[in-house]
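Novice: First the structure, which I've put down as C-alpha cells, then a few questions once you've had a look.
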Amino acid sequence: MSEAMHTTPAPDGGPAGPPVLPTPAETTKLGIWLWLASDCALFASLIATYLTLHGQTAGGPTAQQLFDLPLTLVSTFALLLSSVTMGVALEALQKDDIAALRRWLVVTALLGAIFVGLEIREFHHYTVSGLWFQRSDFASSFYVLVGFHGLHVSFGIAWILSLLIFTFRKPGGITRADHWRFEMMSLYWYFVDVVWVVIFTVIYLLGKVG
Amino acid sequence: MATLSERMPAALARRTAAEYGIWSWLTTVDHKRIGIMYLVSATIFFIFGGTEAFLMRLQLMRPENHIVSFQLFNQLFTMHGITMIFLAVMPLLIGYINVVMPLQIGARDVAYPRLNAVSLWLFFAGGLMLYSSWFLGGAPNAGWYNYAPINTGGVLNPGSDTLGISFYVLGLQIAGIGTLLSGINFTATILNLRAPGMSLMRMPLFVWTVLITSILIVFAFPPFTANLGLLMFDRLFNTGFFDPSKGGNALLWQQLFWIFGHPEVYILIMPAFGMISEVVPTFSRKPLFGYTTMVFAIIVIAFLAFMVWSHHMFTTGMGAVVNSVFAATSMAIAVPTGVKIFNWIATMWGGRIRYTTSMLFAIGFLFCFVIGGMSGVMLAAAPADYQFNDSYFLVAHIHYVLIGGSLFALFAGTYYWFPKMTGRLLSERLGKLNFWIVLIGFNVTFFPMHFLGIDGMPRRVATYPPGLGLSFWNFVSTIGVFILTAGILIFLYNLRDSLRNGEIAGPDPWDARTLEWSIPSPAPEYNFAQIPLVRGRDALWVEKQHGDGRMLPAQIVEQHGDHDADDHDAHQHHADRHLVHMPSPTPLPLILGAGAMVAGYAGLYRVWWLAILALVACFYGIFRLMYDRDPGYYVEPKGDVG
C-alpha cells in the first residue's frame, strides 16, 4: 500500500488509470440516462405505430375535425413553463435555499398537474364527441401514445412530491450530498417535456394541417 | 467471517439472522447469489422446454402419429420457443453475466445491487406466470413470435380465445422489464465500476460482449414492450391495432417484433461469443488473437443487428428493393462473425491446447456455429428464402446457432466457471461423455432437418402423411433427440454429483488469465478484499508474468460526495481498518416481483381494482427503494489482497 504502487508502470505500456472511482451518485445518474435512452426507443415505437395507423379512422372523427390547437397550446405552454420552473428550483438548490426549492417544486408540480388535467379534459371531450378509445385505430393509437406520455408526466409529479416530502423528513436537512436526487428527477422531467414537443408536432400540428 | 466492531453504530450492525437460510437467498442483493438463482431457475425452465421439444419429436417420429392433439402441439412449439429463448438461454447468460462480469472487472457488485434483485424476481414472476397457463385454460399457441392476426383470436385462431396468448402478453412483459433493467444495470456497471487501470481496451472480451449485449437490450426491448402493450389493449380492451378487420395492421406486429427480435438473437449469442473468447485463450495458453478486431467485430455486429430485421419478413411482399437491401445487410454480418471465427482458430494455432471439457465444447461450438452461420447466409439470400421460409431448413438453422452456438458456449462456460461458483470442479470424465453424446445427439437431431426443409416439410406441422419422403429423416431426427437427452441427463447428474463430491478446485484451477481467478473459490461475498490494480490486458496473467502471480492492491480515492458527513466519517473509519462495506439484504425486490405478478393475473382476469392496487403497491415499492437509507454492514476480509 505504498504511494509508488498505483504509479507502477503498466507492463503493456498503457495507463495505470486514475485511482478514482465514480461516486454512487454519478453511477446512478448514468443509469437514469440509460433508462431515458430506452424510453426514447419506447416512444419511438409508439410514434411509429401512430404514424402507421392514424389514417384508419373507420368513418369516425378525424384529427382535423377534433383537434383544438389553442387548447393544446395552453397545455403545451404549461409543460414547457414547468421546465423553466424546474430550472429555477434547481438553482435554488444550488444556493441551498431550501424554502425556494420547495416553492418552485410545488409550482412545477402544479404546472404538470395543469397539463395532466387539461389532457384528461381533452380525452373526455373527444370521447363524448364520438372518438372513444376503441372507435378506430386512429383513436386507439392516439390515446395510447398521448396517454402514455400523460402517465410519464403523472409519474414525474409523484416523483416531485416524493422529493418534497424528502426535504421535510430527511434528518439533518438537505445537504450537497442530496443534490443528485433532485438532478436525476429534473433529467426525467426535461426528457418528458422534450418528448411532448415531438408528440405535439407529430400529432397535433401535422394532424391539423393534414 | 463477518466480524462486527463493537464501536459500530447500532444501525450499521444490522445483519440478517441466518446467513445461509432460504430467507437470505430471497432477500439477497449479492450479484453472485442472484446469478446462481438465475442459473438454477433457468435450468429448471430449460428442462421444461426440453420436455416440450421431446414430446414434439415423439409425435413427429412417425407419420400420422397422434400422441398429442394438434391444438396441444401448437401450444408445445409455442411454449418450447418462448421457454428456450426467454426463460432458459437468456437467463442462463444473464446468470453467468451476474456471477462473472463484476469479478472480471474487479468490482464488489453491480452498479445497482437492489435493482439487480428486482430484475431477477421480475424474470421469475414472468416465467412462473407463463407456465401457470398450462393449468389455467391452455398455453399460448401462436408461436414464439406470436404473429398477428392469429394472436388476436377470432376465426383465424379459435384456440387463442382462451387466456393463453394473454399469458404470453403479460408474462413476457413482466419478464422483459426485468431484462431491460438488467441491461441498464450491466451497462452502468461496466462503464463505471471497473477497477483502477482497467481501461476499456483492457477489459476481458467477455466483459466487452456483456457491454454490447446490454446496450442492445436497452434499445431492443422497448419496441417489444410497446408491441406487447398494444397487443394487451387488443386482447383486454378490444382495440384493433393488429386486427385488419378493424382497420389494424397485422404487419405492424411483425415489424415491431423483429426490430426487437433480431437484436434479441444477438443478445442470445454475444455473451456466448464472450465465453468462448475466455475459454479458448485459457486452454490454448495464448493471449486472444486479434483482441482489437474482436472488439470491433462485436461492435459492428451490434450495429448491424438493428439493420437486418426485415430479413425475417422477406415473403411478406415488401418488394425487391427492400428485400435486396436487407439481404445485403444480413450477409454483411457474416464478415465480422467470420473475423471472430478466424481469430479463435488463430488463438488455438500453435498454442499448447489442453482438451478439457470446456475446451471441447468451445471447439464443438466453432464447428456447429459455422454450420449455423452458413445456413444463415443461405437464408439471407432473399430469392432462396422464398423456398426456405417456414420450412424445417429454418428450424435446423436456428437450432444450429442457438444450441450449437449459445448452448455449447454455456456448457463451456459452466465447466469453466462452476469451480468459481461452488469451489468444486465438475467431473471431467463425465464431462467428456457429456460432450461427445451431446455433440452426436445434437447433430443427428438437427442435421437431417436441413434435408427435411429442402424436401418441403413446413415447420409447426403436427404431423405429416406417409409417402412424402419425410418419414426416414424424421425418424432419424427423433433418434437423435434420445441421444441428446441422454447427454443432457449426464450433464445434470454431473452438476448434482460434483456439487457434493467434486474435486476441490482452489482459486485458479485452470491457470487462467482474468481477475476472477485471483480470489478464492467460491468467491467471498465481498469479492475482493482490496480492489486490485490492473496493469494490463489479462490482468492476472500480467501478474503471473511480471509480478509474483498475485494482484497488487489499488490505492483508491473513494469519493463520498453523496454521503453525509457522519456517514463519511464512518466510512473512513472502517476503510482504515480494511473493513468492506456491503449493501444490506432487502425483501423489497421480491415483493415488487410478486406485486407485478398479482397485477398481471388481475389484468388477465379483468379484476381492475386489484390490478391498479398492485401497480400502486409496486410504485410505492419503487419509491421505498429510492429513499430507504441503507446503512449497509461491514465485513472483515480474510486475506489482505484479493
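So the sequences go chain by chain: L and H.
Quick note: the first sequence, position 29, residue 1078 per our numbering, numbers continuous.
Quick note: the second sequence, position 53, residue 62 per our numbering, numbers continuous.
Think of the CB as a built atom: it goes at the ideal place given N, C-alpha and C, for glycine as much as any other residue.
The structure presented is a predicted model; accordingly, all values stated were derived computationally and were not measured.
Looking at the C-beta of G1022(L), does it have a partner C-beta in chain H at a distance below 8 Å?
Specialist: Within the shown structure, residues of chain L are numbered from 1050 to 1259, placing residue 1022(L) beyond reach of any answer.
Novice: Quick check on P1071(L): does DSSP put it in helix, strand or coil?
Specialist: Position 22 of the first sequence, counting from 1, holds the residue named residue 1071(L). Three-state DSSP puts P1071(L) in coil, outside helix and strand.
Novice: How long is the line joining the alpha carbons of I499(H) and L448(H), rounded to whole angstroms?
Specialist: Taking the second sequence and counting its residues from 1, the one referred to as residue 499(H) is at position 490. Taking the second sequence and counting its residues from 1, the one referred to as residue 448(H) is at position 439. Distance between the alpha carbons of I499(H) and L448(H): 13 Å.
Novice: Please give the ranges of any alpha helix (DSSP H) in the stretch 1102 to 1171 of chain L, keeping only runs that are unbroken, at least 4 residues long and fully inside the region.
Specialist: The stretch 1102 to 1171 of chain L contains these whole alpha helix (DSSP H) runs: 1112 to 1115, 1118 to 1143.
Novice: Nearest-angstrom Cα distance between G432(H) and M387(H)?
Specialist: Here residue 432(H) refers to the residue found at position 423 of the second sequence. Here residue 387(H) refers to the residue found at position 378 of the second sequence. The straight-line gap from Cα to Cα measures roughly 45 Å.
Novice: Under 8 Å between C-beta atoms, does S1094(L) make it to chain H?
Specialist: On the first sequence, position 45 is the one that residue 1094(L) refers to. At least one chain H Cβ lies under 8 Å of S1094(L).
Novice: Please report the Cβ distance between P267(H) and S319(H), rounded to the nearest whole angstrom; I am assuming they are in contact, meaning their Cβ atoms lie under 8 Å.
Specialist: Start at 1 with the first residue of the second sequence, and residue 267(H) comes out as number 258. Start at 1 with the first residue of the second sequence, and residue 319(H) comes out as number 310. Contrary to the premise, residue 267(H) reads as Trp rather than Pro in this sequence. With a Cβ gap of about 7 Å, W267(H) and S319(H) count as contacting.
Novice: Is the beta carbon of L411(H) less than 8 Å from the beta carbon of L277(H)?
Specialist: Residue mapping note: residue 411(H) aligns to position 402 of the second sequence, counting from 1. Residue mapping note: residue 277(H) aligns to position 268 of the second sequence, counting from 1. Yes, Cβ-Cβ distance for L411(H) and L277(H) is below 8 Å.
Novice: Excluding five sequence neighbours on each side, which residues of the same chain lie with their C-beta closer than 6 Å to the C-beta of T248(H)?
Specialist: Here residue 248(H) refers to the residue found at position 239 of the second sequence. Around T248(H): F242.
Novice: Please give me, in chain order, every unbroken run of the alpha helix (DSSP H) with length at least 4 that falls completely inside the stretch 607 to 631 of chain H.
Specialist: You should have found no qualifying run.
Novice: Counting along the chain, where does the alpha helix (DSSP H) carrying V330(H) start and finish?
Specialist: Counting from 1 along the second sequence, the entry for residue 330(H) is found at position 321. Segment 329 to 341, the alpha helix (DSSP H) holding V330(H).
Novice: Using a C-beta to C-beta distance shorter than 9 Å, which residues of chain H count as neighbours of P1071(L)?
Specialist: Residue mapping note: residue 1071(L) aligns to position 22 of the first sequence, counting from 1. By Cβ distance, chain H contributes L200, N201, L202, Q568.
Novice: Beta carbons nearer than 8 Å to chain L: which residues of the stretch 232 to 247 of chain H have them?
Specialist: Result list: P232, T234, A235, N236, G238, L239, F242, F246, N247.
Novice: Bridge partners for R433(H) per DSSP, in chain order?
Specialist: Residue mapping note: residue 433(H) aligns to position 424 of the second sequence, counting from 1. Paired residues: I513(H).
Novice: Beta-carbon separation of T198(H) and A281(H) under 8 Å?
Specialist: Taking the second sequence and counting its residues from 1, the one referred to as residue 198(H) is at position 189. Taking the second sequence and counting its residues from 1, the one referred to as residue 281(H) is at position 272. Result no, Cβ atoms of T198(H) and A281(H) do not sit closer than 8 Å.
Novice: Tell me whether the stretch 78 to 92 of chain H and the stretch 148 to 163 of chain H touch, counting them as touching only if at least three CB pairs, one residue from each stretch, are closer than 8 Å.
Specialist: Counting Cβ pairs under 8 Å, three or more are found: they touch.
Novice: Give the interface partners of A1086(L) over in chain H, defined as CB-CB distance under 8 Å, in chain order.
Specialist: The residue labelled residue 1086(L) in the question sits at position 37 within the first sequence. Those within 8 Å of A1086(L) in chain H are V227, F228.
Novice: Can you say whether N312(H) is buried or exposed, counting buried as having 16 or more other CB atoms within 10 angstroms of its CB?
Specialist: Locating residue 312(H) in the second sequence gives position 303, counting from the first residue. The sequence shown places Phe at residue 312(H), rather than the Asn named in the question. It is exposed - the Cβ of F312(H) has fewer than 16 other Cβ atoms within 10 Å.
Novice: Which residues in the same chain have their Cβ closer than 7 Å to the Cβ of G257(H), if we skip the five residues on either side of it in sequence?
Specialist: The count along the second sequence starts at 1 and reaches residue 257(H) at position 248. So the list reads G249, F250, F251, once near-sequence residues are dropped.
Novice: What residue range is occupied by the uninterrupted alpha helix (DSSP H) comprising M65(H)?
Specialist: Start at 1 with the first residue of the second sequence, and residue 65(H) comes out as number 56. Element bounds for M65(H): 40 to 69.
Novice: Please classify D573(H): does DSSP put it in a helix, a strand, or coil?
Specialist: Reading the second sequence from its first residue, position 564 is the one you call residue 573(H). The predicted position of D573(H) is uncertain, since its pLDDT is 49 and thus under 50; a value taken from the coordinates is nonetheless stated next. Coil at D573(H), not helix or strand.
Novice: Ignoring anything shorter than 3 residues, give me the beta strand (DSSP E) runs that lie fully in the stretch 523 to 555 of chain H, in order along the chain.
Specialist: Here no run is fully enclosed.
Novice: By the 10 Å Cβ neighbour count, where 16 or more other Cβ atoms means buried, how is A19(H) classified, buried or exposed?
Specialist: Within the second sequence, numbered from 1, the residue matching residue 19(H) stands at position 10. With a pLDDT of 40 at A19(H), under the threshold of 50, the modelled position of this residue cannot be trusted, and the question is left open.
Novice: Report the option in A126(H), R66(H), M279(H), R71(H) whose CA atom is closest to the CA atom of G478(H).
Specialist: In the second sequence, residue 478(H) corresponds to position 469, counting from 1. For G478(H), the nearest C-alpha among the options comes from R71(H).
Novice: Any Cβ of chain H within less than 8 Å of the Cβ of G1256(L)?
Specialist: Here the question's residue 1256(L) lines up with position 207 in the first sequence. Chain H, which has no Cβ nearer than 8 Å to the Cβ of G1256(L), makes this no.
Novice: G413(H): which of T60(H), I43(H), V98(H) sits nearest, CA to CA?
Specialist: The residue labelled residue 413(H) in the question sits at position 404 within the second sequence. Considering only alpha carbons, the answer is V98(H).
Novice: Among H590(H), G604(H), L524(H), which one has its Cα closest to the Cα of M207(H)?
Specialist: In the second sequence, residue 207(H) corresponds to position 198, counting from 1. Considering only alpha carbons, the answer is L524(H).
Novice: Smallest Cα separation from T291(H): which of W353(H), G556(H), R117(H)?
Specialist: To locate residue 291(H), count along the second sequence from 1; it is residue 282. Taking only the C-alpha atoms, the option nearest T291(H) is W353(H).
Novice: In three-state DSSP terms, what is P594(H)?
Specialist: As a position in the second sequence, residue 594(H) is number 585, starting the count at 1. Reduced to three states, the DSSP call for P594(H) is coil.
Novice: Where L245(H) and L1213(L) are concerned, what is the direct C-alpha to C-alpha distance, given to the nearest angstrom?
Specialist: As a working mapping, residue 245(H) is identified with position 236 in the second sequence. As a working mapping, residue 1213(L) is identified with position 164 in the first sequence. Cα-Cα distance, rounded: 37 Å.
Novice: So M303(H) and L214(H) are supposed to be a Cβ contact under 8 Å. How far apart are they, rounded?
Specialist: Counting from 1 along the second sequence, the entry for residue 303(H) is found at position 294. Counting from 1 along the second sequence, the entry for residue 214(H) is found at position 205. Confirmed, Cβ separation roughly 6 Å.
Novice: So D399(H) and F323(H) are in contact, right, with Cβ under 8 Å, and what is the actual spacing, rounded?
Specialist: Stepping through the second sequence from its first residue, residue 399(H) is reached at position 390. Stepping through the second sequence from its first residue, residue 323(H) is reached at position 314. Not quite, the Cβ-Cβ distance comes to about 11 Å (not below 8 Å), so this is no contact.
Novice: Determine the extent of the alpha helix (DSSP H) in which Y1239(L) is found, giving its start and end residues.
Specialist: Counting from one through the first sequence, the residue named residue 1239(L) turns up at place 190. Note, Y1239(L): alpha helix (DSSP H), 1228 to 1248.
Novice: Please say whether I183(H) and G1080(L) have beta carbons closer to each other than 8 Å?
Specialist: Within the first sequence, numbered from 1, the residue matching residue 1080(L) stands at position 31. Within the second sequence, numbered from 1, the residue matching residue 183(H) stands at position 174. Contact: no.
Novice: How would you label H1174(L), buried or exposed, when you count the other beta carbons within 10 angstroms and need 16 or more for buried?
Specialist: Translated into the one-based positions of the first sequence, residue 1174(L) becomes position 125. Exposed.
Novice: When we look at the beta-carbon of Y300(H) and count the other beta-carbons within 10 Å, is it buried (16 or more) or exposed?
Specialist: Counting from one through the second sequence, the residue named residue 300(H) turns up at place 291. Answer is buried; the Cβ neighbour count reaches 16.
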